[in-house]
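One structure is given below, encoded as structure tokens.
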Amino acid sequence: MAAKPFSRRTFLKAAGVTLAAATGDIFAFNDWLAKAKAAEVSKIPSICGTCSAWCGMWIYVKNGRIWKATGQKQHPASKGKLCARGHAGIMWAYNKDRITHPMKRMGDNWFEPISWDDAYSEIAAKLQKVLTDYGPQTVFYSQNAKPTSRYYMQRFMHAIGAPTIHSHHSICSTARDVANKWTTGAMATADMANAKCILFLGRSYADGISPSATANLADARERGTKVIIVDPRYSSSCILGDQWVPIRPGTDLALLLAMAHVLLEENLYDPDFIEQYTVGFDEFKKTMLSYTPEWAAGITDIPAETIRTIARDLGKNRPASCIEQGYKAPNGANYVNGTQTFRMMICINALLGNYGKNGGMKFPLNPKLGELDPKQYPVPPKPKVPRCDGVGIKGEYPLCQTSQGIPHLMPKKAMEGKAKAGFIYSFNPARNSPDPKLMVDGYKKLELLVVCDIQWSETAMAASYVLPECSFVEREDLPTGIAGGKPAVTMRCQAIDRIHSQTKPFEEIVTGLAGKMGLQKYFDFSREEVATAMLKPLKLTTEDLRQKGTIVLDGKAKELSFATESGKVELYCKAFADNGYDAVPVWQPPLANAGKNSFVLIHGKQGIMSHTATANIPGLLQIAKNYNLERIWINPAKAKRLGIKDGELVEVSSPYTSKQVRVKVTERVHPDAAFLPAGYGNLSPWLKTGYGFGINPNDFCPHRVEAISGHAMMMEVVVTIRKVGE
Amino acid sequence: MPRYALLVNSEKCVGCFACLVACQQQNQLPPEQALIRFEDREKGKFPNVSYRIIPLQCQHCSDAPCVPVCPTSASHKDNTGVTLIDDEKCMGCRRCMAVCPYNARVYRPEEGIVAACNLCLSLVAAGQEPACVATCLTKARLFGDLDNPQGDFARLLAKAAPLRPDFGTKPTVLYI
Numbered sequence: 015m016a017a018k019p020f021s022r023r024t025f026l027k028a029a030g031v032t033l034a035a036a037t038g039d040i041f042a043f044n045d046w047l048a049k050a051k052a053a054e055v056s057k058i059p060s061i062c063g064t065c066s067a068w069c070g071m072w073i074y075v076k077n078g079r080i081w082k083a084t085g086q087k088q089h090p091a092s093k094g095k096l097c098a099r100g101h102a103g104i105m106w107a108y109n110k111d112r113i114t115h116p117m118k119r120m121g122d123n124w125f126e127p128i129s130w131d132d133a134y135s136e137i138a139a140k141l142q143k144v145l146t147d148y149g150p151q152t153v154f155y156s157q158n159a160k161p162t163s164r165y166y167m168q169r170f171m172h173a174i175g176a177p178t179i180h181s182h183h184s185i186c187s188t189a190r191d192v193a194n195k196w197t198t199g200a201m202a203t204a205d206m207a208n209a210k211c212i213l214f215l216g217r218s219y220a221d222g223i224s225p226s227a228t229a230n231l232a233d234a235r236e237r238g239t240k241v242i243i244v245d246p247r248y249s250s251s252c253i254l255g256d257q258w259v260p261i262r263p264g265t266d267l268a269l270l271l272a273m274a275h276v277l278l279e280e281n282l283y284d285p286d287f288i289e290q291y292t293v294g295f296d297e298f299k300k301t302m303l304s305y306t307p308e309w310a311a312g313i314t315d316i317p318a319e320t321i322r323t324i325a326r327d328l329g330k331n332r333p334a335s336c337i338e339q340g341y342k343a344p345n346g347a348n349y350v351n352g353t354q355t356f357r358m359m360i361c362i363n364a365l366l367g368n369y370g371k372n373g374g375m376k377f378p379l380n381p382k383l384g385e386l387d388p389k390q391y392p393v394p395p396k397p398k399v400p401r402c403d404g405v406g407i408k409g410e411y412p413l414c415q416t417s418q419g420i421p422h423l424m425p426k427k428a429m430e431g432k433a434k435a436g437f438i439y440s441f442n443p444a445r446n447s448p449d450p451k452l453m454v455d456g457y458k459k460l461e462l463l464v465v466c467d468i469q470w471s472e473t474a475m476a477a478s479y480v481l482p483e484c485s486f487v488e489r490e491d492l493p494t495g496i497a498g499g500k501p502a503v504t505m506r507c508q509a510i511d512r513i514h515s516q517t518k519p520f521e522e523i524v525t526g527l528a529g530k531m532g533l534q535k536y537f538d539f540s541r542e543e544v545a546t547a548m549l550k551p552l553k554l555t556t557e558d559l560r561q562k563g564t565i566v567l568d569g570k571a572k573e574l575s576f577a578t579e580s581g582k583v584e585l586y587c588k589a590f591a592d593n594g595y596d597a598v599p600v601w602q603p604p605l606a607n608a609g610k611n612s613f614v615l616i617h618g619k620q621g622i623m624s625h626t627a628t629a630n631i632p633g634l635l636q637i638a639k640n641y642n643l644e645r646i647w648i649n650p651a652k653a654k655r656l657g658i659k660d661g662e663l664v665e666v667s668s669p670y671t672s673k674q675v676r677v678k679v680t681e682r683v684h685p686d687a688a689f690l691p692a693g694y695g696n697l698s699p700w701l702k703t704g705y706g707f708g709i710n711p712n713d714f715c716p717h718r719v720e721a722i723s724g725h726a727m728m729m730e731v732v733v734t735i736r737k738v739g740e
Numbered sequence: 191m192p193r194y195a196l197l198v199n200s201e202k203c204v205g206c207f208a209c210l211v212a213c214q215q216q217n218q219l220p221p222e223q224a225l226i227r228f229e230d231r232e233k234g235k236f237p238n239v240s241y242r243i244i245p246l247q248c249q250h251c252s253d254a255p256c257v258p259v260c261p262t263s264a265s266h267k268d269n270t271g272v273t274l275i276d277d278e279k280c281m282g283c284r285r286c287m288a289v290c291p292y293n294a295r296v297y298r299p300e301e302g303i304v305a306a307c308n309l310c311l312s313l314v315a316a317g318q319e320p321a322c323v324a325t326c327l328t329k330a331r332l333f334g335d336l337d338n339p340q341g342d343f344a345r346l347l348a349k350a351a352p353l354r355p356d357f358g359t360k361p362t363v364l365y366i
């Protein structure tokens with residue numbers, strides 16, 4: 015929230031006369047005011063912590079207080095710009111809902127302050143007991159991975175012998191990431207600057223914003239790039255696109271199968287690329303034969319001729335054409351057919367022969383950072399016990415990546431007695447996963463849950479201990495490499511003094527706890543020493559980054575290669591076959607299908623919100639309130655049938671819950687879909703700003719785990735909507 | 191003297207609200223008070239739909255209705271064509287708000303004054319762009335000098351026109 019400027023006029027009106035009369039010295043006040051206005055402004059480089067785009071920003075500080083922020087020009091994500099979240103997020107530090115003291119849970123919504131030393135001692139004793147009684151395979155750590163937390167907590171987990179470390183991706187993009195790992199070995203990204211034609215499936219650069227990506231999309235049109243956007247709703251990106259192609263929710267796989275059919279049938283693919291860089295073309299081609307555009311039209315609700323045109327637009331512009339890599343959209347954690355949807359996106363890019371080509375898909379370059387000398391600073395050995403989420407284990411989730419895991423499965427594992435203790439950092443799975451009640455009930459079954467956050471998230475409310483971190487503007491973090499066409503390195507620097515004396519940066523918290531666990535030998539260094547070692551191979555110092563924020567490095571494009579088992583693009587994936595999955599993607603219908611009077615509940619980001627965390631930022635919530643951004647979108651044809659008018663209060667019901675919200679009746683959504691923004695519906699009563707505003711799609715959806723990549727299938731739910739009397 | 195103007199390309203505005211928040215911070219306004227607001231227009235029937243977002247703020251009219259009605263001369267035109275409010279003179283009577291056809295001014299109750307876009311003249315004086323222009327992700331906002339147009343601003347100036355010429359106030363915020 016912006017600072018309320020001192021009300022000079024009111025002050026003068028009320029007190030000025032008396033003051034002047036008493037002292038004859040009103041000018042002293044004016045001098046002070048002039049000084050305050052002219053106060054020196056300092057500019058500190060930071061990394062935005064409001065969403066996971068992590069834009070480089072300059073924070074302007076005046077009189078020790080944050081004034082404003084601008085984007086760093088040299089940072090690849092911000093390129094001189096910031097979105098609304100970035101501008102407003104710097105004020106998070108001053109939020110009244112901050113956690114200001116270590117807390118211990120005494121009962122429902124009942125926490126008592128505890129000293130840091132007692133918190134460390136009690137947590138260490140309980141963790142030790144779990145390790146002794148049940149073993150390290152029952153301990154997990156879930157995080158929204160950030161440079162400092164990843165480094166320190168991986169050491170801690172390995173030091174106690176526990177392998178189960180999660181990122182947040184099972185409720186985000188695991189399907190995409192697993193598909194890329196097994197199909198091309200790593201994720202390539204679309205070279206939008208050079209593409210002649212680009213197809214987006216669901217992903218909206220103008221809603222899930224990274225400023226430079228949004229800018230690239232806007233520039234693409236001016237360059238004459240044909241931008242086709244397939245999405246059940248007209249997203250904000252469609253304003254910048256050439257063509258909106260509405261699709262029935264969860265059927266992108268059918269569209270892709272038919273597009274491959276057209277490319278193959280009309281010889282619009284690249285035979286040389288197929289020959290040199292792919293395996294399994296014959297099986298792939300045979301499988302695609304039956305998937306005609308006419309077949310797909312019935313499933314996707316996209317006319318067969320439109321499907322042909324899209325395929326031809328891509329095929330004729332190859333290799334400077336591509337399907338954008340996607341994220342949570344179209345299917346990173348949304349529908350049962352998610353992993354194979356992404357496999358097909360990659361297979362079509364391979365048919366276009368666009369890997370490594372201008373305007374196609376390119377593998378980003380990573381900067382090579384250094385590390386502490388392991389001889390001087392011992393590294394804990396890798397844990398030997400199996401993970402408790404089944405990741406990497408035959409018969410469970412063998413193909414899901416150990417770097418991501420399945421965090422939303424942990425509450426269920428706690429109910430089954432297989433998880434006993436957990437640490438969660440800067441991540442709110444209790445609100446941002448389907449079935450929040452199950453999530454909280456499960457977490458409460460743990461013998462120990464430690465949550466580290468800056469505000470009272472729903473997950474923090476379920477914790478046995480809550481440890482407050484200082485907000486991102488109040489701390490310095492480890493440097494981080496940024497992958498891209500040109501790699502870069504950046505570091506968050508501390509912009510203002512710590513506001514709440516009992517908050518700590520994460521590395522201090524982990525080191526403190528490790529001390530009580532007798533693991534000090536693995537943490538016998540300062541963050542500065544780690545940072546210095548990381549930057550050494552780049553011939554840079556922490557001081558360089560404190561001055562410049564982000565530094566772009568030289569990087570030469572490598573020769574095209576694919577880090578898969580075969581070393582090629584796996585149109586036919588042997589690892590999939592070996593584990594009982596379809597080696598070539600085949601049609602798999604979504605579980606949720608809309609009826610005449612029901613809807614598939616889809617969701618997505620808005621430019622001003624990142625999940626539910628940002629709903630508690632007053633500057634952003636006020637915009638949502640002013641512009642009715644929490645409303646559920648439905649198509650007018652269906653609304654009319656249901657007797658619902660724009661702006662009316664409706665009840666949205668699934669088999670799991672019923673909730674009320676106002677409705678937005680718009681032509682910009684497919685009749686089979688109801689679109690609900692994903693950023694609202696805070697349940698934690700101590701998130702006082704956002705609490706009670708809007709509803710959340712996760713309330714309507716059951717807890718599920720998809721078979722291949724382990725994602726949460728967050729859009730596999732049908733809802734009915736009815737008008738309620740007011 | 192330059193004659194400053196803002197071009198708004200509504201074909202490129204995605205309604206991300208970045209300009210609104212950047213403006214609030216530059217001017218140290220609380221969340222409830224914004225100098226930029228948005229309107230939107232949906233046309234057509236599913237699936238053939240078009241949609242436009244129109245950002246609005248002080249239009250810096252050459253014939254600004256807010257100026258003659260101001261009893262204290264707080265509302266005035268500066269010599270670059272920008273419409274300004276002198277905080278020292280404003281007594282918060284809000285006549286200007288009543289006559290502004292673009293509904294572009296806000297009242298600041300805790301200060302007892304009216305506020306509106308000032309095209310960030312303090313930033314412009316320092317050689318920078320207004321905060322809303324600097325942060326616009328899609329370059330839907332372009333700042334320039336009507337007498338000496340440069341770059342994209344010059345290229346698009348020919349296509350630009352007042353949002354509501356019928357109001358007759360001759361704005362220098364122009365729309366595409």
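Respectively, the protein sequence lines represent chains A and B. Our numbering numbers the first residue of the first sequence as 15 and each following residue consecutively. Our numbering numbers the first residue of the second sequence as 191 and each following residue consecutively. Glycine included, every Cβ here is placed at the ideal spot set by N, Cα and C.
Taking C-alpha atoms, which residue in the options lies nearest to residue i?
i      : options                        : result
A:Y670 : A:K371, A:F714, A:F576, A:V733 : A:F714
A:T494 : A:K518, A:E483, A:N380, A:S540 : A:N380
A:V503 : A:D568, A:S218, A:K737, A:S612 : A:D568
A:A606 : A:V733, A:H182, A:I513         : A:V733
A:F6   : A:G312, A:L656, A:P344         : No information on residue 6 of chain A is available, as it lies outside the stretch 15 to 740 that chain A covers here.
A:D683 : B:R193, B:Y241, B:C213         : In the sequence as displayed, the identity of residue 683 of chain A is Val instead of Asp. Looking at the Cα atoms, B:Y241 is the closest of the given residues.
A:C822 : A:T162, A:P150, A:A476         : Coverage of chain A is limited to positions 15 through 740, which leaves residue 822 of chain A absent and any answer about it impossible.
A:G199 : A:P711, A:M206, A:R190, A:A227 : A:R190
B:G317 : B:V204, B:F333, B:G302, B:A305 : B:F333
A:A2   : B:F343, B:P221, B:A195         : Past the edges of chain A, shown from 15 to 740, lies residue 2 of chain A, and the structure says nothing about it.
Provide the residue span of the beta strand (DSSP E) that contains residue i, from first to last.
i      : result
A:Q674 : 672-679
B:V257 : Not the beta strand (DSSP E): B:V257 falls in the alpha helix (DSSP H), residues 256-259.
A:V350 : From DSSP, A:V350 is part of no beta strand (DSSP E); its letter is neither H nor E.
A:P307 : First-last for A:P307: 307-314, but that is the alpha helix (DSSP H), not the beta strand (DSSP E).
A:F14  : The first residue shown for chain A is 15 and the last is 740, placing residue 14 of chain A beyond what the model contains.
B:F228 : 227-235
A:S698 : From DSSP, A:S698 is part of no beta strand (DSSP E); its letter is neither H nor E.
A:V244 : 240-244
Once you ignore the five residues that flank residue i on each side, which residues in its own chain have a CB closer than 6 Å to its CB?
i      : result
A:A459 : It is worth fixing the name first, because residue 459 of chain A is Lys in this sequence and not Ala. A428, M429, listed in sequence order.
A:A597 : Y586, C587, F590, A591
A:K702 : D111
A:F437 : Y155, V464
I'd like the span of the alpha helix (DSSP H) that includes residue i, first residue to last.
i      : result
A:L269 : 266-279
A:M548 : 541-549
A:W130 : 130-147
A:N640 : 632-640
Could you pull out every residue in the same chain whose Cβ sits closer than 7 Å to the Cβ of residue i, ignoring the five residues on either side in sequence?
i      : result
A:Y536 : R169, A173, P392, P394, A528
A:A193 : T353, F356, R357, I360
Using 8 Å as the cut-off, can you tell me whether the region 231-249 of chain A makes contact with the region 206-218 of chain A, which would need three or more C-beta pairs spanning the two stretches below that distance? yes
Say whether the region 208-223 of chain B touches the region 324-336 of chain B, bearing in mind that this needs 3 or more beta-carbon pairs closer than 8 Å, one atom from each stretch. yes
Report yes or no: do the region 514-526 of chain A and the region 351-358 of chain A share at least 3 C-beta pairs separated by less than 8 Å? no
Whole runs of the alpha helix (DSSP H) within the region 390-475 of chain A, excluding any shorter than 4 residues: 424-429, 443-446, 450-459, 472-475
For the 8 Å Cβ check, are there 3 or more pairs between the region 621-641 of chain A and the region 686-701 of chain A? yes
Are there three or more Cβ pairs, one per stretch, closer than 8 Å when the region 527-535 of chain A is compared with the region 123-135 of chain A? yes
Unbroken stretches of the alpha helix (DSSP H), 4 residues or longer, contained in the region 307-344 of chain B: 311-315, 321-325
With contact counted as at least three CB pairs below 8 Å, one residue from each stretch, are the region 331-345 of chain B and the region 292-308 of chain B in contact? no
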